[in-house]
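Just so you know, the protein sequences line up as chains A and B, in that order. Position 207 of the first sequence, counted from 1, bears residue number 206 in numbering that gives the first Met the number 0, the numbering being contiguous throughout. Position 382 of the second sequence, counted from 1, bears residue number 381 in numbering that gives the first Met the number 0, the numbering being contiguous throughout. Ideal Cβ placement from N, Cα and C applies to all residues, glycine included.
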Amino acid sequence: MTSTVTREPSAGRIKPVRRRATSGHLRQERRAGWLFVAPAVIVLVVFLFAPIIMAAWVSLLDWNGQSSPFSGEAEFVGLSNYQALLTDAGLLRSDFMLSVRNTVYFVLFNVTGVVVVSFALAMAVNSYVLRGRSFFRTIFYFPAITSSVAISVLFLFLFQGAGVVNVVLSWVGIDGPTWFRDPRGVLHIVLSWFGVDAAPAALADTTMGGLSLWEWLSGPSVAMCALITLSIWASSGTFMLFFLVGLQDIPVELEEATAIDGAGAWRRFRHLTVPLMRRSIVLVITLALISSWQVFDQVFILSQGAPAKTTLTPAYISYVRSFGDGQFGVGAAVAFVLFAIIIVLTLVQRWVGRERRT
Amino acid sequence: MMRQFARTPLALAAAVAAATVLAACGSGFDDDDGGDAEATGASDGGGPLTVMIGSSGEAETVAVQEAAARWAEESGTEVEVIPAQDLVQQLQQGFAGGNPPDVFYVSPDRFRMFAEAGSLYPYGDQIEDADDIYQPLRDAFTYEDELYCAPKDGGVHALVIDTDAWAAAGLTEADYPQDWDQLAAAAQALTTDGRVGLAFTGDYNPVGTFMLAGGGFFVNEDQTEVTADTPENLATLEYLKQNMDAGTFAFAPNIDAAWGGEAFGSGKSAMTVEGAWIVGALQNDFPDRNWVAVPMPAGPGGQASTAFTNCWGIAADSDNQAGAVDLVNFLVSPEEQQAFAEAFGPTPSRASLADWNAEAFPEKAAFAEGMEDSRTQVSVPGFESVLADFKTQLEGMAAGTVTPEQALQALQTNGEAALAQD
């Protein structure tokens, strides 16, 4: 509700500016306007646009970080960094394809998990029956204000071989895995229960980007599952706030009216709440999607890509190639391919989630 | 709104302003350098020095700071010691920005990258009594027959043994393993329920030490050829795999420990392969563990180990190279190395200090023995990713999904690709 109130006057203010301004007064006003936005524009250009263009330039160089990339000392190699990444068979491409596979699963489960959990949390703290709602709102938001380093270290202890998670599992007779050391994909594990241990020939022989389809279809590894759990837990508090704002925008009268019409809780949720929350859901999915593709800090602290590279992510490769191997051009190229992936997926997701008017 | 951005001259003004700010940022370092040079009146005059170290902790930082202060008093040149949060990254930023620290730690695996790019000032011929420094350590920092920097410390892998477990298994000092068969036998004797005989970090360093003892290694002496896929290395990996399959050897992560020292300290293994850094870790985290370190048992290729070292690199861009060389010579002098060894435990890089070291720190003697037969870590740029991949192959070998042949073939292919790029 608040957003509509603030939007109207600002919309009105734009109108006179749109008209071609000729009087000195208006020109002055416009100049003042520019003066006011100048700091923001300068900050954006200096700290956002300029670095992006510089990074694009670096991605075309064979630069080892030992000189200024603009001094001409680094060799210009055109698109060969991108070639090594996407087409030439080698360690770099196989690492990158593995990281894309890992991240696809990470994104899939993380985004789904975050949306479901944060929506449920928002519903819970929005409901009128819950006592001490503001207390729970604070509690649920807590992980979001905790440093991701602290959370990662905490999870490292939780998921140790003899950690809390496995102790709890042992109470119900489950012999938990050594989470961060288990490289098996969960899909492969499930398939092995049904006697499918090796890849069917069709899947093993067909490759995509140098990685067999059987490898693409491994599912997230056990270690990655622990990372996903961490990520969902840490980020759902923030997204809960987005949903909460949306939920509070739903007029109580509507809910009451549907209740009087005899709709049950599920039908109210399905046909009233969800449609009205479309915008919030699209927003949360977009934001979660972008941040999931860029996952880095948890990997950096917890696993460094281990076990068996099943937690390798493009952002981590970009870092290791740059600072580990001194191949900053390759690192920048990875970042740009990642950028492209995110843009494409976000556009697809916006298109799927667009409002259809009939 | 968008249309206005495009057409007003103010957009241009903003861009100009932004460019000015960028230019100001960029030239900041140069102004600084210029100022220093002017103040001292000469490019190699006695300008102040900055020393950047990757410190293991407070003890190391204080020790280096105190040593630098002693030199500063002697020479009258100001020295600032900066303990880096992330040395690799901060150095890289310094080089890329044209404003590196004057003196800094360089590890062998980074060395060649710096040397190739001409970032380091080669001062090997100015090191006082350089021949006293162990040959393999000097080799680690030699590029195209030129010694670039002075190794500040050095050490090799040793076999660390839990003496209580050793005695409980009915073994005596005379039984300390001399070769691989005895090592395997001892590991078998020490393996009990919940404890493996020998566990070590599952990466390329301890495995590299075994490969050296087996008569092979990742690369040849000059680091110009990849020598991974050889019968010697295959025999080494098969020896490790055989014992891992028997349950007497293990990679630390597979028995729920982050590294060999943790597996050993927590009692999950009775022996481990580590360098001198384990001493401090055991003292701090597992003070009750009784242990002894003995030289690595000899393999089919004789006795050998990986050498670990760092050197004092001097930036080619340094304004006061003469002062920096003087400072480094002071820091690698026998007296200062003794002070460092006493303060935070590094093994001196000078052979003349071997006896002193063995006497002063008998528990660490094994980590300095056999330094002459050691080899340094691979320094080919791009090998970090190659060896990281080898580590993954080793994990697979432990899990039984990768054969030793496959692991070595992958290492050979990837290593050759990295060398070809170099």
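* With DSSP collapsed to three states, give me the class of W290 of chain B. => strand
* Asked: Nearest to A119 of chain A by CA position, among A:N80, A:T309, A:T272, is which residue?
  -> A:T272
* DSSP bridge partner residues for T191 of chain B (one or two, in chain order) -> B:R194
* To do: Determine whether the Cβ of T391 of chain B lies closer than 8 Å to any Cβ atom of chain A.
  => yes
* To do: Would you please state the rounded distance, in angstroms, between the beta carbons of D85 of chain B and N309 of chain B? I believe it to be under 8 Å.
  => About 15 Å separates the two Cβ atoms, so there is no contact after all.
* Asked: In whole angstroms, what separates the C-alpha of A36 of chain B from that of V105 of chain B?
  -> With a pLDDT of only 37 at A36 of chain B, under 50, the local geometry of the prediction cannot be trusted, and the value read off the model is given with reservation. Looking at the two C-alpha atoms, the distance is approximately 26 Å.
* To do: Kindly say whether Q27 of chain A, judged by its beta-carbon, lies nearer than 8 Å to any beta-carbon of chain B.
  => no
* **Within-8 Å CB hit, Q89 of chain B to chain A** => no
* Whole-angstrom distance between V347 of chain A and V385 of chain B, CA atom to CA atom -> 36 Å
* Asked: Between G236 of chain A and the rest of its own chain, which residues show a CB-CB distance below 6 Å, the 5 nearest in sequence each way excluded?
  -> F139, Y140, P142, A143
* To do: Please report how far the alpha carbon of N80 of chain A lies from the alpha carbon of V57 of chain A, in whole angstroms.
  => 10 Å
* State buried or exposed for D318 of chain B, treating a residue as buried only when at least 16 other CB atoms are found within 10 Å of its CB. => buried
* For my contact list, D296 of chain A and V148 of chain A are in at a C-beta cut-off of 8 Å; report their separation, rounded to the angstrom. => 7 Å
* Tell me, which residues are paired with C224 of chain A by DSSP? -> None; C224 of chain A has no bridge partner.
* Asked: How about F299 of chain A and Q88 of chain B: do their beta carbons lie closer than 8 Å?
  -> no
* Asked: From this set, B:A315, B:P294, B:W311, which residue's C-alpha is nearest T305 of chain B's C-alpha?
  -> B:P294
* Asked: Which residues in the same chain as I289 of chain A place their Cβ atom closer than 7 Å to its Cβ, once the five residues preceding and following it in sequence are excluded?
  -> I341, T345
* Asked: Within the 8 Å Cβ cut-off, does E404 of chain B reach chain A?
  -> no
* Nearest CA to the CA of D180 of chain B: which residue from B:D138, B:Y238, B:P205, B:E65? -> B:Y238
* Local Cβ density within 10 Å of I231 of chain A, reported as buried at 16 or more and exposed below that -> buried
* Under the rule that 16 or more other beta-carbon atoms within 10 Å means buried, what is G274 of chain B, buried or exposed? -> buried
* Going by Cα to Cα distance, which pick from B:G300, B:E143, B:P176 is closest to G207 of chain B? -> B:G300
* Pull out every residue of the segment 237-269 of chain B whose Cβ sits closer than 7 Å to any Cβ of chain A, in chain order. => P252, N253, D255
* Asked: So is D388 of chain B in contact with chain A if we call contact Cβ pairs under 8 Å?
  -> yes
* Asked: How is the alpha helix (DSSP H) around G77 of chain A delimited, first residue to last?
  -> Careful: G77 of chain A lies outside any alpha helix (DSSP H) and carries neither H nor E.
* To do: Look up I160 of chain B in the DSSP assignment and say whether it is helix, strand or coil.
  => strand
* To do: Please list the partners that D324 of chain A has in chain B, where partner means a Cβ-to-Cβ separation under 7 Å.
  => P380, G381, E383, S384
* Asked: Does any C-beta atom of chain B lie closer than 8 Å to the C-beta of V189 of chain A?
  -> no
* To do: Enumerate, from N- to C-terminal direction, the unbroken beta strand (DSSP E) stretches of 3 or more residues contained entirely within the segment 307-392 of chain B.
  => 373-375
* Buried/exposed call for L78 of chain A, threshold 16 Cβ in 10 Å -> exposed
* Cα-Cα separation, S169 of chain A to F158 of chain A -> 13 Å
* Could you please give me the residues that DSSP links to D141 of chain B through a beta bridge? => The sequence given here has Thr at residue 141 of chain B, not Asp. Paired residues: B:L146.
* To do: With distances taken Cα to Cα, identify the nearest neighbour of F216 of chain B among B:G45, B:Q376, B:E404, B:I52.
  => B:Q376
* Cα separation between V50 of chain B and V106 of chain A? -> 43 Å
* the segment 307-325 of chain B: positions lying closer than 9 Å to chain A by Cβ -> none
* To do: Specify, as a first and last residue, the run of the alpha helix (DSSP H) that P107 of chain B falls within.
  => 107-115
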